[in-house]
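J.: Taking our numbering, the leading residue of the sequence shown gets 129, the next gets one more, and so forth.
Just so you know, even glycine gets a beta-carbon here, dropped at the ideal spot from N, CA and C.
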Amino acid sequence: MTTQNTPTNPWAPLATMTPWFDASQPLLNWWTEQSSQAMQPFAKIQQAWMESMSQAMQAEMQFFQAITASHEKMAQCMMNASGTPESNRKIADCYHEVVQTLTDAQVTRLHKATELSHEFRRSLWEEL
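(1) Between the region 240-250 and the region 192-206, do three or more beta carbon pairs fall short of 8 Å?
(2) DSSP three-state call for S182: helix, strand or coil?
(3) Please list, in chain order, all residues of the same chain as S215 whose beta carbon is under 7 Å from its beta carbon, the five residues on each side excluded.
(4) Return the CA-CA distance between L230 and P213, expressed in angstroms with no decimal places.
(5) Do you know offhand how far Q223's Cα is from A233's?
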């Protein structure tokens, strides 16, 4: 039983076809190494961008959850309305509470967006 050794050089099959290839093999090995190293910063920048986009999507989903909860609360207030002055006051209080909740959610959303921008810039500078 014979065992076949696999070549450690990826360019070995080409070396048998062309005699000049042996002389240029160190240059090709260097070029392969340099090109793979040059791609690493781009991959890291893309990874930082994808993480930033993921965080932005999470912040947007939290904002949409706040909108949904506010609409649900407003709908409950409207369903419990009977048309009396007391009921109208309760609806107004409910409306002000909903508006305040949405305002707070929007401020939080803007704060996260600003924070995200600074974090993304910081991660880009770290990679560069």
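T.: From the atom records:
(1) No, they do not touch.
(2) In the structure shown, S182 adopts helical secondary structure according to DSSP, grouped into three states.
(3) Only A209 meet the Cβ criterion.
(4) Straight through space, the alpha carbons of P213 and L230 are spaced by roughly 26 Å.
(5) Here residue 223 turns out to be Tyr, not Gln, going by the sequence shown. Taking the straight line joining both Cα atoms gives about 15 Å.
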